[in-house]
Structures are given as C-alpha cells and as structure tokens.
Amino acid sequence: EFLQEIQEEIEYQDEDIPVSDNYSEISTEIEMDDEKNLTNDSAGGFYDHKESVYCLHMNPVDEDIIVSGGGDDVAYIWRISTRERLCHTDSVTVSSFSYDGEYVATGGMDGLILIWRYKNNGELVTTLEGGDEILWVQWHPRGNVLLSGSNDANVWMWKIPSGDVMQLFKFHKKAVNAGSFTPDGKKIVTASEDGSLIVWDPKNATIIHKMTPSDSRFDCGGLTCLAYNKEGTVVAVGGVAGKVKIISLINGALLGSLNEQKESIESISYCDVLPIVACASVDGTVALYDTFTYKLRNVLIHDGAVISLSFVSNTPYLTTASTDRTIRRWDVRTGKCLKQCFGHHDSILCICSSLDGKTIISGSDDKSVLVFKIVP
C-alpha cells in the first residue's frame, strides 16, 4: 500500500450538525458593501503577471515556493518570503509540483507540457506533446509519473524525467475536464464534458468501471470536477447541471445523488474528520452533505460564483474562494464564517493553501497573486 493512516479516526455523532431544509435558516450572509474595494488583508503579493492569473500550486516539500501561471502565457516560480522570481516559462494555463517537490509541470493551450527542475535555476528537463489544449496535469502521489487531460478527449501518462509515454487513455468523446490518480495511486479516474466518468487501470489502460449519461441515474451534464474521500474508496463528481454523483471505486455502484444546487459544480472537497462533503457552485452556494445519508446539512453563501474550495487537513475548517473577490474560512460544524479575506479588485480565479491552512495564495483577474495568513 502506498498510503498509511496518519491519525486515529475521529468519532462523529450525527446530531452534531443539525439538518435543515430552509436555506434562510442555515446560510451565512455577510454584509460586503464597499469593504471589498477598500480593504486589503493580504500579507503581500506577487505582481509580475501582466494578465489574469489562472493557476497556482504550492511546493509540497517547501511551502515557501509557489508556481503561478497567467493569461500572459508566462509561469513564475517564486518564494513567498522574498518574492524572488526563480524562473519563468511560456504558454502556461495549468501547473503542478511533483510529490517530492523536485519537478514542476506547466501546460498550455498549445498542447505542450514542459517539465522543469526548479532547483537548478529552472532547468528545462523535457517537453511533452499532449495533443490539444492541456486542461489539467496531475502527478502520481508517490512517484514521478505525470497524468494530463486535454481538450481533444485524450488522457496521457508519462514517466518523468525521461518523458517516455507510459499510456494513452482513449474513451471520452469530448474534453476531459478533470482527472487524477486515486489516493493510493493504483487507479485513475477521468471525467469528461461528454458526461462520462471512467475508472482506469493505469498498468494497461483498461476500463475498470464506466458511467455514462446513457444511464439516466448518472446524467448530470458535462462533468467538471471530482474528489475522493480520505479512504480513496469513493469518488464524487460534479457537472454543469448542478448535480453531484457519488460513485464507489470498489464496485462502480452509484451510492448517492446530490441535487440541491442549480448551476455548474466547480469544486468538491471531503472533510477528513467529519462525514461531510462540500460542493461549490456557480450559483454562489456551497452545499454541505452528510456522507452517510447524503442529506443536505447546510448551505454557505457567497455573493458570486464559488470557484474553489478545500478543507484544511484534519480539521472541520473549509476555505472557499469566489468571483465576489473574497476568500472565506468556515467552520462546517456550525456554518459560521470565521474569517473573510479582501484584497483583490476583480474575480478570484484560483487558490492554493499550505497543509495547515494558515497560508492561502490566490490568483485573480486583476493580474495579482496575493498571500493571506489565516488562523485557524
């Protein structure tokens, strides 16, 4: 097994979180007014991008190192503490550090993925050709193997640093909008604009489980995002119709349907310490569901589309980011907003955070990357 349990399971009593069907009772609404325009809570920023900032990733080994990519077709690797620019590349819309922090993958609309070794002054290691526009890149959780999805419906897997193609996964008919290795690294899950979800065996590129909209129970429009539970036994996938489907990775069974939101699901995250899954929607809501019953527990409200969310590891705290130009930290046990961060002058497009949740990095349409410090 690749992963080990790093903490004891925290017991949870179902009555800790009240169920309500009334949005007005359970949502948290915050008066914003002109505060968003006048306040800057950030601890600093990176301002070298000339266009919107589309992607961010934090080095998993050295959390002071950030890679950011923008609409100016440039990626920068820089330090939070000094704002030092370490290197830059071309044509970047997605970016990600490898599991050990040694390599950085950057991909762009030209279909190319560049692999960099940032410690050697940004040395270019290899260039990969991934077909059409690269929509995402994901590293294996325990090895230097890279996965990518593209607009031409294909998924590629490469060995790094050699750049050798290990597998090409072909089934989807439209853009592959999301995908990744499962937490144990033994399977791959991909989700497509054509509405299909595929669970793959990476060793031979064969299909283990397949869900398509031809089964009306699974139809939730084009698929947009996915997330795993801590155990890696379940995947949640969201679609443009505002629906989320819960699928067993063990037998491919449909375990639940989450239908409370009205517009596209943009991000999903499972809580490590409570049986809760959070779903972010373009309709401005974050729906919290019980993972035992799949009933709605709470709804958190932003003033604009919620584009990203993630739970702080081993806590009940949730971080959300929105086109309303705010980042918010919530306690999902109560639905209370503990902190809201201001500083951007336009929509937030991407965020990443440290493992302890105390540092949050955000990229925006205003061309800036801001650094926020939050406790808890």
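Residue numbers (full-length UniProt numbering): 1 to 376.
C-beta: ideal position from N, C-alpha, C; glycine also.
In this structure, the CA atom of I115 is about 42 Å from the CA atom of L296. Residue pairing by DSSP places I134 opposite S150 in a beta bridge. Setting aside the 5 residues that flank it on each side, V332 is surrounded in the same chain by I276, L288, P316 and L318, each with a C-beta closer than 6 Å to its C-beta; the list follows chain order. Following the DSSP letters along the chain, one finds S362 inside the beta strand (DSSP E) bounded by residues T359 to S364. The region 227 to 247 and the region 263 to 279 touch, with no fewer than 3 CB-CB distances between them shorter than 8 Å. Measuring C-alpha to C-alpha distances from D365 to each of S322, D356 and V125 identifies S322 as the nearest. In the three-state reduction of the DSSP assignment, N177 falls in the strand class, which pools E and B. N298 sits in a strand when the DSSP states are folded into three classes.
Linking T182 to N229 through their CA atoms gives a straight-line distance of about 10 Å.
Its chain contains L135, N151, A153, S192 and E193 as the residues whose beta carbon lies nearer than 7 Å to that of A175, once the 5 sequence neighbours on both sides are disregarded; these appear in chain order. DSSP, reduced to helix, strand and coil, places K119 within a helical segment of the structure shown.
For R325, the secondary structure class from DSSP, reduced to helix, strand or coil, is coil. A Cβ-Cβ distance of about 5 Å is found for the pair S42 and F372, placing them in contact under the 8 Å criterion.
Taking the C-beta atoms as reference points, M58 is found no nearer than 8 Å to I348.
In this structure the region 159 to 171 does not lie against the region 211 to 219, because fewer than three pairs of beta carbons, one per stretch, are closer than 8 Å. Taking C-alpha positions only, L223 is separated from A105 by approximately 24 Å. Sequence-distant partners of K262 (beyond 5 residues in either direction) whose C-beta falls short of 6 Å from its own C-beta, in its chain, are G242 and D283. Our two residues, S98 and I265, have alpha carbons roughly 27 Å apart in a direct line.
DSSP lists V234 as the beta-bridge partner residues of S248.
Apart from sequence neighbours up to five positions away, the residues of its chain that approach G179 with a beta-carbon distance below 7 Å are W136, Q138, L147, G149, V155, I188, V189, T190 and A191, ordered along the chain. Counting along the chain, D290 sits inside the beta strand (DSSP E) bounded by residues T285 to D290. A residue is called buried when at least 16 other Cβ atoms come within 10 angstroms of its Cβ; F311 meets this threshold and is buried. Residue state for M109 is assigned as coil, using DSSP reduced to three classes.
Taking C-beta atoms as the reference points, V199 and L254 fail to come closer than 8 Å. Ranking S281, T293 and K173 by CA distance to the CA of L300 puts S281 first.
Minimum Cα-Cα distance from S257 among the listed residues N251, G232, F292 and T285 corresponds to F292. Out of S354, H344, S353 and R85, the CA that lies nearest to the CA of T39 is found in H344.
In this structure N144 is in contact with Y103, their Cβ atoms being roughly 6 Å apart against a cut-off of 8 Å. Pairing T127 with W158, the inter-Cα distance amounts to about 11 Å. If you check the CB distance, S95 and V369 do not come in under 8 Å.
In the DSSP assignment, F46 forms a beta bridge with V369.
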